[in-house]
Amino acid sequence: MKNQSASERLKLLIIEKEAQHIEEDKMLKEHFHAVYDSLKPINLIKNTLSEAITSPDIRNNLFNAAIGFGTGYIAKKLIIKRPDGLIENIEGNMLQLLVAAKVTDNADEIRSVIKTIFYKLTNWRRVHAENETT
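Here is the structure:
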């Protein structure tokens, strides 16, 4: 009788191990497919862009660069309206790059000055509106 219960326990252990093996095999295949999908070039690009967009440092640097290039372009258009020749065109491009570099390097200071000016203007309007009502 003891032999029979030992053999029954052995059969149950074998069945358990086979079920565990099937489950681990299934999980391994799922993991393989997930890794395979993540290594596709389009998914690598999507993940990289997603990380770049969600990263506050990169987003801040891109914003600063965009403001710098925009300001440089505006400065070029304001100072050199229509470049007549090659020299004026080169001068305009150099001016644009110089302004863009300065604005990008000092973007945090420029942003704080703009915030201060905006705060003073809105505060002045509020105080001025309060004085008119009294």
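Start counting the sequence shown at 208; every next residue gets the next number (the numbering used here).
Positions of the beta carbon are idealized from the N, C-alpha and C atoms, including for glycine.
Simplified DSSP assignment, three categories, for residue i
i    : result
D244 : helix
P172 : Lying before the first or after the last residue shown, residue 172 is absent from the chain, which here runs from 208 to 341.
G292 : coil
Proximal residues to residue i (C-beta, below 7 Å), its chain only, five neighbours per side dropped
i    : result
Y280 : Q303
Chain D within 7 Å of residue i, Cβ atoms only
i    : result
N300 : Annotation note: the requested chain D is absent from the structure, which comprises a single protein chain.
Contacting residues, own chain, Cβ-Cβ under 8 Å from residue i (five flanking each side not counted)
i    : result
E339 : none
N254 : S245
Residues near residue i by beta carbon distance below 6 Å, same chain, minus five either side
i    : result
H238 : none
So does the segment 326 to 335 actually touch the segment 289 to 301, counting three or more Cβ pairs closer than 8 Å? no
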